[in-house]
Ligand SMILES: NC(=O)c1ccc[n+]([C@@H]2O[C@H](COP(=O)([O-])OP(=O)(O)OC[C@H]3O[C@@H](n4cnc5c(N)ncnc54)[C@H](O)[C@@H]3O)[C@@H](O)[C@H]2O)c1
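Numbering (our numbering), first residue to last: 175 to 500.
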């Protein structure tokens with residue numbers, strides 16, 4: 175029987191992952207650790223035609239409060255998927271962001287190395303920051319080596335996690351430690367993220383209320399929007415035996431501008447709501463992100479299945495169908 179530990183399993187990506195793992199292998203023993211700071215039980219149980227219920231165990235505690243060594247000794251996981259993190263990039267308490275995100279991760283890395291457990295963990299495109307300015311200006315995909323100047327403390331915490339994993343691999347090249355730099359993830363299960371939900375979700379909600387979609391002037395900013403089901407398949411691919419350890423980009427490999435997102439949403443919803451532009455109040459937002467996924471394709475034997483425009487249209491229609499009519 176496969177035994178899998180998912181940290182952050184009540185969150186957006188973690189719960190999609192858990193659902194896939196359970197559907198894929200109903201006999202697998204699944205353990206979620208999540209302190210529900212941004213996750214919700216609603217992500218692990220839902221009604222209706224497409225509903226489901228998680229059948230595994232949940233430990234509702236912060237990773238930093240647990241004795242992870244003895245917990246993992248008892249559970250004996252084959253794989254650890256580490257999704258837990260402070261994900262609100264506007265959290266200003268730098269010490270908390272770094273200690274909450276990095277310290278439990280260091281423990282997981284040590285356990286993975288000592289016990290030979292496969293560890294797949296969430297890094298972020300936020301590790302690119304200003305070192306990718308050249309790539310952003312020439313609008314080319316971000317290569318792995320373009321990372322290294324995160325523009326906020328969240329991105330810095332992920333960068334330090336990458337350093338921890340890299341140093342562990344230098345000492346223990348046989349360890350299975352795979353970090354994934356997710357780009358802008360969207361899809362079912364992100365409702366509870368509030369102001370940190372995807373741009374696609376927030377714009378769709380505005381338009382479903384009949385409001386003009388509001389974006390920074392002039393809407394030409396572009397992001398690599400990747401569907402959560404592609405993120406889940408990449409995460410699972412990263413846990414396969416024989417995968418080369420290291421860090422990989424996980425995106426659609428295509429950049430979609432804010433204006434193109436609005437265009438797709440208008441098509442999905444049958445509306446013609448024009449964008450309402452406003453000045454960007456933040457000096458450091460990235461104008462362009464796009465993942466170079468060539469190494470992800472070759473080393474993880476993974477490719478995204480969802481075309482961003484089509485996936486945005488389908489997702490917006492799902493959101494419309496779930497929204498109670500007035
Ligand atoms: N959503 C994106 O676009 C995106 C992009 C890049 C990277 N990521 C990374 O992917 C992972 C999942 O993100 P998400 O979008 O699902 O966010 P999320 O906030 O929905 O999920 C994070 C989960 O971790 C839990 N958690 C946080 N800190 C914890 C701790 N110390 N102990 C136990 N549980 C804790 C939260 O309660 C939540 O359920 C995160 O590591 C995030 O940094 C996400």
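C-beta: ideal position from N, C-alpha, C; glycine also.
In the three-state reduction of the DSSP assignment, residue 406 falls in the helix class. A straight line joining the alpha-carbon of residue 364 with that of residue 337 spans about 29 Å. The C-beta distance from residue 360 to residue 399 rounds to 6 Å, short enough to fall under 8 Å. At least 9 Å separates the beta-carbon of residue 233 from that of residue 285. In this structure, residue 465 lies away from residue 324, with their beta-carbon atoms at least 9 Å apart. By the C-beta criterion, the region 381-394 is judged not to be in contact with the region 302-321, since fewer than 3 inter-stretch pairs fall below 8 Å. Remark: three or more beta-carbon pairs, one from each stretch, lie closer than 8 Å, so the region 237-253 and the region 285-301 are flagged as touching. According to the DSSP assignment, residue 471 belongs to the alpha helix (DSSP H) that extends over 468-474. Between the C-alpha atoms of residue 488 and residue 330 there is a straight-line separation of about 34 Å. Taken from the Cβ of residue 274, at least one heavy atom of ligand 1 lies inside 8 Å. Counted as a single uninterrupted DSSP element, the beta strand (DSSP E) harbouring residue 401 occupies residues 399-401.
Taking C-beta atoms as the reference points, residue 393 and residue 462 fail to come closer than 9 Å. By the Cβ-count criterion, residue 368 is exposed, with fewer than 16 other Cβ atoms from all chains shown falling within 10 Å of its own Cβ.
Per DSSP, reduced to three states, the secondary structure at residue 330 is helical.
Scanning 445, 341 and 405 for the CA closest to the CA of residue 380 turns up 445.
Judged by DSSP secondary structure, residue 451 falls within the beta strand (DSSP E) whose first and last residues are 450-452.
When 421, 491 and 411 are compared, the shortest CA-CA separation from residue 342 is found for 421. The nearest non-hydrogen atom of ligand 1 is less than 8 Å from the C-beta of residue 261. If you check the CB distance, residue 253 and residue 334 do not come in under 9 Å.
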